[in-house]
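Asks: Before I ask anything, here is the structure I am working with.
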Amino acid sequence: MSGTAPRSDPVFQIRGLTVDFVGPSGAERAVDGVDLGVRPGETLGVVGESGAGKSVTVLAALRLLPEPPARVVAGQALLDGTDLLTMPSGELRSVRGRDIGMVFQDPFSSLHPSYRVGDQVAEAIRVHDRTVSRSAARARTAELLDLVGVPHPTRRAREYPHQWSGGMRQRAVIAMAIANGPKVLIADEPTTALDVTTQAQVLDVLRTAQRETGAATVLITHDLGVIAEMADRVAVFHDGRVVETATATELFRSPRHEYTAELLSRRAGAIGAPSTTAVLRAPPGPPVLEVEDLVKHFPTGRRATGPAVHAVDGITFTLAPGESLGLVGESGCGKSTLARTVVRLLEPTSGRIRLDGTDITRQGGADLRATRARLRIVFQDPSGSLNPRRRIGDAVAEPLRIHGRHRSDDGRRRALELLDRVGIGAALAHRWPHELSGGQRQRVAIARALALEPRVLVLDEPVSSLDAPVRAQVLDLLDELRSDLGLAYLLISHDLTVVRQVCDRVAVMYLGRFVETGAADAVCTRPEHPYTRALLSAVPVAEPGARAERGRIVLGGDLPDPTDPPSGCRFESRCGQSIARCATVDPSLTHRGTDHECACHLVGAPTGAAP
């Protein structure tokens, strides 16, 4: 929370905003008479289900929605009393980026892939003030990147967006948003796709940005833990309307509207809460997936002669039919690279991958194509994995056509069944991806992955873009499918509550290695590795002030250079508890009880043992 005593009158105010979307069947109301206001130094949290109208309200107020299909029917969007909805377009372009800063959900789409990060931040400065020289803009860029926590800002400003992690890209977008000292800062799901430690860091950056600029902040999120931690006041959206506004403390203590009470009742519990769904159901017998000492290195430099990035550095695990393994860790630890290597979207450097006993490590051609029907992946960003020119019904049926499973009529019928099963409904099969919410697009991606009835499903952040009610529905669906079909899951998530809910086992990954593995309940309630404890402490709790009371382990320093990993424990430089041995001896995973392993010299060492 800002902790600032704001002035009484709002600097940004929305009055009676009503927005329709016009389609073939007529107008559909998306926002219905919304009133909002935020004062300087205040953080207004905006929360509600996917499709409730949160983002549409703000985008319509800034005139960022395409017209058609969007149409503002009525209302005002006032910035210091001036209506943005009637402002000339040229003047509005000056206001956006200067007086109003915007941080979008996906930082990669906000940054041009062909331009250096520093040049893009500098452009945000100079486009609103041509009197600023290029050298002055570069100097200001370095200051801004340093302010938002980018290490070595002058050097890293010369890098391209693809060279930055998701959390680092989000820092760059925040730097661009505050470059001109805006009066209003709008953050639309700024931490949705980030791991918990990066999320905590980005929230700290937003606090810093607000403190430096004194901006009125509108924070749109479906995460009640983020709302509890950041917001001074909260507006709850439902079916295009604001159904309740209150201070954060009042809202969590005594919600007045039944929908708010329902949202709070669905909120994720503490990490230590007993699991009700994750029960080890895998029968003994041969595993469906075996990964043995898997390594994936990426050469760097001209002609790939430079030092290799050690993205995955010796990973071993198995999955039984019907079993789910959750993979957690910070951005850049190698989780997604591991997932893509397992499904053979990336070629392994070394190691073995077996599916139902068959070595698929070096498969190619028809054999690999057949394997990919049994080993499917759901990506984190559904917008990037769905063809924008293909209707969603056709997108779900596409794998059936590619693999020659069904005739066109059967494929469409199967697609409608899958869409209905994941909660989309056949009525939306004719829509284009851009006409669906982020949560709806993710469910389409899951339906498409299920079309070929795979043996193993690799899920890369499958519910990160979903609000709590929809997330619960999708997780219940995944649990039901696992039980009914005997599917095995490799689930990557930054949300440890999600992993705890649906996974039998958890593997914690750091800089290409597993540092702790075990039964989900054991790892989440009795973590032994210092890194695991730091991850758990960073999880937002849906109760104002809760994280401050329980304390948070702040990880110091940066991730070590993956082209030159430490010779000893890879976590040693950020640990805070390390001993001399940690710097020189690489700890291996050792058993800490039934199905619980930890790679740490401190674990199990006798008290007072020599370092």
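In the numbering used here, each number is its position in the sequence shown, counted from 1, plus 691. C-beta: ideal position from N, C-alpha, C; glycine also.
Which residues in the same chain as Thr940 place their Cβ atom closer than 6 Å to its Cβ, once the five residues preceding and following it in sequence are excluded?
Replies: Pro1235
Asks: Go ahead and pull the three-state DSSP assignment for Gln1054.
Replies: It is coil, neither helix nor strand.
Asks: Spatial neighbours of Glu1014 within its chain, please: CB distance less than 6 Å, with the 5 preceding and 5 following residues excluded, ordered by chain position.
Replies: Ala973, Ala1179, Asp1195
Asks: I'd like to check one pair, Gly707 with Gly766: are the Cβ atoms closer than 8 Å?
Replies: yes
Asks: Per DSSP, Ile791 is paired with what?
Replies: Arg787, Val875
Asks: Count the other CB atoms, across all protein chains shown, that sit within 10 Å of the CB of Gln1268; report buried if there are 16 or more and exposed otherwise.
Replies: exposed
Asks: Alpha carbon to alpha carbon, how far is Gln796 from Thr883? Give it in angstroms, no decimals.
Replies: Rounded to the nearest whole angstrom, the C-alpha separation of Thr883 and Gln796 is 7 Å.
Asks: My output table needs one value for Val1154: the three-state DSSP class, helix, strand or coil.
Replies: coil
Asks: Quick one: what's got a C-beta closer than 6 Å to Ala752's C-beta in the same chain, skipping five residues either side?
Replies: Contacts found: Ile705, Ala768.
Asks: With a floor of 4 residues, list each alpha helix (DSSP H) that falls wholly inside the region 1130-1193, ordered by position along the chain.
Replies: The region 1130-1193 contains these whole alpha helix (DSSP H) runs: 1159-1176, 1187-1193.
Asks: Taking 6 Å as the limit between beta carbons, can you name the residues of its chain near Cys1291, skipping five residues before and five after?
Replies: If you ignore the 5 residues before and after Cys1291, its C-beta comes within less than 6 Å of the C-beta of His1220, Pro1278, all in its own chain and listed in chain order.
Asks: Please confirm whether Gln1071 and Thr1062 have their CB atoms less than 8 Å apart.
Replies: no
Asks: If you run the structure through DSSP and keep just helix, strand and coil, what is Ala969?
Replies: Model confidence at Ala969 stands at a pLDDT of 38, short of 50, so the residue's coordinates are unreliable and nothing is read from them.
Asks: Between the beta-carbon of His948 and the beta-carbon of Gly739, is there less than 8 Å?
Replies: No, the pair does not count as a contact, with Cβ atoms beyond the cut-off.
Asks: If we call anything under 8 Å between Cβ atoms a contact, is Met1200 one with Cys1024?
Replies: Yes. Within cutoff.
Asks: To the nearest angstrom, report how far apart Leu783 and Ile791 are at their CA atoms.
Replies: Spanning the two alpha carbons is a distance of roughly 10 Å.
Asks: Pick helix, strand or coil for Asp726, following the three-state DSSP scheme.
Replies: strand
Asks: Using only alpha-carbon positions, find the residue among Arg1043, Leu1250, Leu1119, Ala743 that is nearest to Ser716.
Replies: Leu1119
Asks: Residues in its own chain within less than 6 Å of Val864 by CB, not counting five upstream and five downstream?
Replies: Val794, Pro798, Ser801
Asks: Going by DSSP, what residues sit across from Arg775 in a beta bridge?
Replies: Here the sequence assigns Leu to residue 775, which means Arg is not the residue at that position. DSSP, once it has assigned bridges, lists no residue as partnering Leu775.
Asks: Comparing alpha-carbon positions, which option in Phe1205, Tyr851, Pro978, Arg1132 lies nearest Val1069?
Replies: Measuring from the Cα of Val1069, the nearest candidate turns out to be Arg1132.
Asks: For the candidate residues Ile816, Arg762, Leu836, Pro701, whose alpha-carbon lies nearest to that of Leu770?
Replies: Pro701
Asks: Check for me: the beta strand (DSSP E) holding Ser1015 runs from which residue to which?
Replies: Element bounds for Ser1015: 1015-1019.
Asks: Please identify the residue among Ile1115, Leu894, Leu1181 whose C-alpha is closest to the C-alpha of Lys1026.
Replies: Leu1181
Asks: What does DSSP give as the partner residues of Cys1289 in its beta bridges?
Replies: Glu1207, Thr1281
Asks: Of the choices Gly714, Ala1117, Glu834, Thr709, whose alpha-carbon is the least far from that of Thr748?
Replies: Nearest C-alpha to Thr748 among Gly714, Ala1117, Glu834, Thr709: Thr709.
Asks: Hey, Leu915 and Leu885: beta-carbon distance below 8 Å or not?
Replies: Contact: no.
Asks: Terminal residues of the continuous beta strand (DSSP E) containing Leu985?
Replies: It spans 980-989 - the beta strand (DSSP E) in which Leu985 sits, taken as one unbroken run.
Asks: With a threshold of 16 other CB atoms inside 10 Å of the CB of Asp1186, please say whether the residue is buried or exposed.
Replies: buried
Asks: Assuming Gly1209 and Glu1288 form a contact by the criterion Cβ under 8 Å, report the distance between their Cβ atoms to the nearest whole angstrom.
Replies: Beta-carbon to beta-carbon, Gly1209 and Glu1288 are separated by about 6 Å, close enough to satisfy the 8 Å threshold.
Asks: Starting from Thr1049, follow its DSSP beta bridges and name the residues at the other end.
Replies: Leu1046
Asks: Within its chain, find whatever has a CB closer than 7 Å to the CB of Asp1047; leave out the 5 residues flanking it on each side and keep chain order.
Replies: Val979, Arg1146
Asks: Helix, strand or coil, according to DSSP, for Gln796 in the structure here?
Replies: coil
Asks: Spatial neighbours of Thr991 within its chain, please: CB distance less than 8 Å, with the 5 preceding and 5 following residues excluded, ordered by chain position.
Replies: Gly997, Pro998, Ala999, Val1000, Thr1254
Asks: If you draw a straight line from the C-alpha of Gly736 to the C-alpha of Tyr1222, how long is it?
Replies: 30 Å
Asks: How is the alpha helix (DSSP H) around Leu942 delimited, first residue to last?
Replies: Segment 939-944, the alpha helix (DSSP H) holding Leu942.
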